[in-house]
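Residue numbers (full-length UniProt numbering), protein chains in the order written: chain A, 1 to 209; chain B, 1 to 209.
Working notes, beginning with the structure itself.
There are 2 protein chains.
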Amino acid sequence: MHRVTAADRRDLPLLTGGAPRERADAARNRTKVLAAADELFRRNGVAAVSMDDVAAAAGVGKGTLYRRFGDKSGLAAALLDERESELQAAILSGPPPLGPGAPPADRLAAFVSAYLAYVDAHLDLVALSQTASPGARLRTGSHGFWRQHCGLLLTAAGVPDPDLRADTLLAALTAEQVRHWRRDERRPLPALIDAIDAIARRLAVPPSP
Amino acid sequence: MHRVTAADRRDLPLLTGGAPRERADAARNRTKVLAAADELFRRNGVAAVSMDDVAAAAGVGKGTLYRRFGDKSGLAAALLDERESELQAAILSGPPPLGPGAPPADRLAAFVSAYLAYVDAHLDLVALSQTASPGARLRTGSHGFWRQHCGLLLTAAGVPDPDLRADTLLAALTAEQVRHWRRDERRPLPALIDAIDAIARRLAVPPSP
DNA sequence: TGAATATACGGACTTTAGTCCGTATACGTC
DNA sequence: GACGTATACGGACTAAAGTCCGTATATTCA
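Structure (structure tokens):
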């Protein structure tokens, strides 16, 4: 397991420091792979596409696929990168209550609602990114972001064990759990959002003195 | 995915109704497989043992292994069966607060603490039973039991969306999450128990009118 | 006890993830 | 533009999960 997120290895002159820049053929292949994977996933469904399929469709060797994306979950993460970034931007600098400015409990509720909607919108891809290898979810770069965000809000809210509460909330929002709620139990998304909103608010209530 | 729990197929005259009883050679093989798997898992660690290893050690064909246990997670579930049953018995008819008699919030807190200790005590095996195939955890027979128990307690506590709160609590206590807390973050079990106890109590608080 | 039949056995086979390494190519340098 | 080196390529290879089906055996019933 190599875990190379899309943000690594890319040519980011201002950020990569002394790291050697990505070779032109490598960049071209990364693009080809992402396009092919996106197309295949859309057409056949995530579950029905193997890594060989992706490699073949991209006109690239399997080794290239794995060198660039580490494993299957890394490929999924790379495809999700853009959508993820939008949510992250909204959190960091968008309007409240998702962005800065609202009280912690409101921001937390806004986050879990938005995150649930995000997971739901990309269920299979998120599932792939979280479950391709055991523990994949907790090692994702973006997971660190969501976790820190929740942790800081819960800290600001003054509750005990803010990090564990953050983990609890995110654990409830794994693709596996959301898929079960949505597909097996056929719960409508708005109902789920309301419920998870309420749960988040409960967990943000400081203990009475 | 066949999902045959250890409790199925076994010869339980009073419960199996019209189902045909298990053949003698089948029962013998089940025993041999469980013993071999237990031994191998103990000696080499769960991760290092393949299904071929188990089949070979049990002196049994691979087909037999899969017919009896469905898949790898089913084998793990069968090995956990006994320990699980103890906890289930304590819940159904043991002394309070785990057993009947205590207020719902206390029972819920007692349950999550006990369940966390159970998961921790058998981390790798529980992980295997939950993650061998995607969605395995939610399809486990015992998961239904834990879920119903939490759901009933939360209903009794008068909170909204008791089932979703039950799912949230159990999602926080997946082997994957517990392993992360215990092994990656090196959190001591008692601290985790205290924290999850508090979280459960928070989720059992009915909304103020 | 001796068919008849349902059930179980076992291992070859398929599929897929992920690794390895000899070969090829892009890039910096003269 | 040629050269040397670091980087990347690709596909054969390995390992492990899970399937399939022809064969064998337990059980039942006469």
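Cβ coordinates follow ideal geometry from the N, Cα and C atoms, glycine included.
Everything numeric in this text was worked out from a predicted model, so none of it was measured.
Is any beta-carbon of chain A found at less than 8 Å from that of Thr131 (chain B)? Stepping through the second sequence from its first residue, residue 131 (chain B) is reached at position 131. Judged by the 8 Å Cβ criterion, Thr131 (chain B) is in contact with chain A.
What whole-angstrom Cβ distance do Ala76 (chain A) and Ala36 (chain A) have, given they're in contact under 8 Å? As a first step, residue 76 (chain A) must be located in the first sequence, where it is residue number 76. As a first step, residue 36 (chain A) must be located in the first sequence, where it is residue number 36. Their Cβ separation, rounded to whole angstroms, is 14 Å, which puts Ala76 (chain A) and Ala36 (chain A) out of contact at 8 Å.
Alpha carbon to alpha carbon, how far is Gly61 (chain B) from Arg139 (chain B)? Here residue 61 (chain B) is taken as the residue at index 61 of the second sequence, counted from 1. Here residue 139 (chain B) is taken as the residue at index 139 of the second sequence, counted from 1. Spanning the two alpha carbons is a distance of roughly 26 Å.
Interface partners of Thr174 (chain A) on chain B, CB under 7 Å: Numbered from 1 along the first sequence, position 174 holds the residue referred to as residue 174 (chain A). Correct list: Ala171.
Need the endpoints of the alpha helix (DSSP H) that Leu169 (chain B) sits in, please. Taking the second sequence and counting its residues from 1, the one referred to as residue 169 (chain B) is at position 169. Unbroken alpha helix (DSSP H) run through Leu169 (chain B): 162-172.
Distance CB(Leu173 (chain A))-CB(Val112 (chain A)) smaller than 8 Å: Taking the first sequence and counting its residues from 1, one reaches residue 173 (chain A) at position 173. Taking the first sequence and counting its residues from 1, one reaches residue 112 (chain A) at position 112. A contact, by the Cβ cut-off of 8 Å.
Taking 7 Å as the cut-off, is the C-beta of Ala24 (chain B) nearer than that to any heavy atom in the ligand SAM? Absence of the ligand SAM is noted for the structure shown, with no ligands found whatsoever.
Below 7 Å on C-beta distance, what does Arg165 (chain B) contact in chain A? As a working mapping, residue 165 (chain B) is identified with position 165 in the second sequence. Within chain A, the residues near Arg165 (chain B) are Ile199.
How many angstroms separate the CA atom of Val33 (chain B) from the CA atom of Arg186 (chain A)? Here residue 33 (chain B) refers to the residue found at position 33 when the second sequence is read from its first residue. Here residue 186 (chain A) refers to the residue found at position 186 when the first sequence is read from its first residue. The straight-line gap from Cα to Cα measures roughly 38 Å.
Take Arg30 (chain A) as the anchor and find which of A:Asp161, A:Asp197, A:Gly63 has the nearest alpha-carbon. The sequence position of residue 30 (chain A) within the first sequence is 30, counting from 1. Closest by alpha carbon: A:Gly63.
Does the region 37-53 of chain B touch the region 199-207 of chain A, meaning 3 or more C-beta pairs lie closer than 8 Å? no
Along the alpha helix (DSSP H) that carries Val119 (chain A), what are the first and last residues, could you check? The count along the first sequence starts at 1 and reaches residue 119 (chain A) at position 119. Its alpha helix (DSSP H) spans residues 104-121.
Anyone know if the C-beta pair for Arg202 (chain B) and Ala109 (chain B) falls short of 8 Å? As a working mapping, residue 202 (chain B) is identified with position 202 in the second sequence. As a working mapping, residue 109 (chain B) is identified with position 109 in the second sequence. Not closer than 8 Å, so no.
DSSP three-state assignment for Asp197 (chain B), whether helix, strand or coil: Translated into the one-based positions of the second sequence, residue 197 (chain B) becomes position 197. The answer is helix: DSSP assigns Asp197 (chain B) an H, G or I state.
Using beta-carbon positions only, say whether Leu154 (chain B) and Arg165 (chain B) come within less than 8 Å of one another. Translated into positions along the second sequence, residue 154 (chain B) becomes position 154. Translated into positions along the second sequence, residue 165 (chain B) becomes position 165. The criterion of a C-beta distance shorter than 8 Å is satisfied by Leu154 (chain B) and Arg165 (chain B).
Buried or exposed, going by whether 16 or more other CB atoms sit within 10 Å of the CB of Ala198 (chain A)? Here residue 198 (chain A) refers to the residue found at position 198 of the first sequence. Ala198 (chain A) comes out buried.
Three-state class that DSSP yields for Arg147 (chain B) in the structure shown: If you number the second sequence from 1, residue 147 (chain B) lands on position 147. Arg147 (chain B) falls in the helix class under three-state DSSP.
If you draw a straight line from the C-alpha of Ala127 (chain A) to the C-alpha of Leu87 (chain A), how long is it? Residue 127 (chain A) sits at position 127 when you count from the first residue of the first sequence. Residue 87 (chain A) sits at position 87 when you count from the first residue of the first sequence. Taking the Cα positions, Ala127 (chain A) is about 18 Å away from Leu87 (chain A).
Can you find a CB in chain B that lies within less than 8 Å of the CB of Thr168 (chain A)? Translated into the one-based positions of the first sequence, residue 168 (chain A) becomes position 168. By this cut-off, Thr168 (chain A) is an interface position.
Are the CB atoms of Leu125 (chain B) and Leu192 (chain B) nearer to each other than 8 Å? The sequence position of residue 125 (chain B) within the second sequence is 125, counting from 1. The sequence position of residue 192 (chain B) within the second sequence is 192, counting from 1. If you check the CB distance, Leu125 (chain B) and Leu192 (chain B) do not come in under 8 Å.
Cβ-based burial, Ala136 (chain B) [other Cβ within 10 Å; buried from 16]: Against the second sequence, residue 136 (chain B) aligns to sequence position 136. Buried, since its Cβ has 16 or more Cβ neighbours within 10 Å.
I need the straight-line Cα distance from Gly70 (chain A) to Asp25 (chain B), nearest angstrom please. The residue labelled residue 70 (chain A) in the question sits at position 70 within the first sequence. The residue labelled residue 25 (chain B) in the question sits at position 25 within the second sequence. One C-alpha to the other measures close to 45 Å.
Pick from B:Ala58, B:Arg43, B:Pro20, B:Ala90 that is closest to Phe145 (chain B), judged by C-alpha positions: Your numbering for residue 145 (chain B) matches position 145 in the second sequence. The residue with the shortest Cα to Cα distance from Phe145 (chain B) is B:Ala90.
Hey, how far is the Cα of Tyr66 (chain A) from the Cα of Arg42 (chain A)? Counting from 1 along the first sequence, the entry for residue 66 (chain A) is found at position 66. Counting from 1 along the first sequence, the entry for residue 42 (chain A) is found at position 42. For the pair Tyr66 (chain A) and Arg42 (chain A), the Cα-to-Cα distance works out to about 21 Å.
4 or more residues per run - each alpha helix (DSSP H) lying fully within the UniProt DNA-binding region "H-T-H motif" (50-69) of chain A: 51-58, 62-69
Measuring alpha carbon to alpha carbon, tell me which residue in B:Ala175, B:Arg21, B:Ala156 is nearest His143 (chain B). Mapped onto the second sequence, residue 143 (chain B) falls at position 143. Ranking B:Ala175, B:Arg21, B:Ala156 by Cα distance to His143 (chain B) puts B:Ala175 first.
Local conformation of Pro39 (chain B) per DSSP, three classes: Numbered from 1 along the second sequence, position 39 holds the residue referred to as residue 39 (chain B). For the record, residue 39 (chain B) in the displayed sequence is Glu; it is not Pro. If DSSP states are grouped into helix, strand and coil, Glu39 (chain B) belongs with the helices.
For Leu80 (chain A) versus Ser50 (chain A), is the C-beta spacing smaller than 8 Å? Along the first sequence, read from residue 1 onward, the residue named residue 80 (chain A) stands at position 80. Along the first sequence, read from residue 1 onward, the residue named residue 50 (chain A) stands at position 50. It is not a contact, given that the beta carbons lie outside the stated cut-off.
Residue from B:Ile196, B:Tyr118, B:Pro162, B:Ala171 with nearest C-alpha to Glu82 (chain B): Along the second sequence, read from residue 1 onward, the residue named residue 82 (chain B) stands at position 82. Minimum Cα distance to Glu82 (chain B) is reached at B:Tyr118.
Would Ala157 (chain A) and Ala105 (chain A) be called neighbours here (beta carbons separated by less than 8 Å)? Translated into the one-based positions of the first sequence, residue 157 (chain A) becomes position 157. Translated into the one-based positions of the first sequence, residue 105 (chain A) becomes position 105. Closer than 8 Å, so yes.
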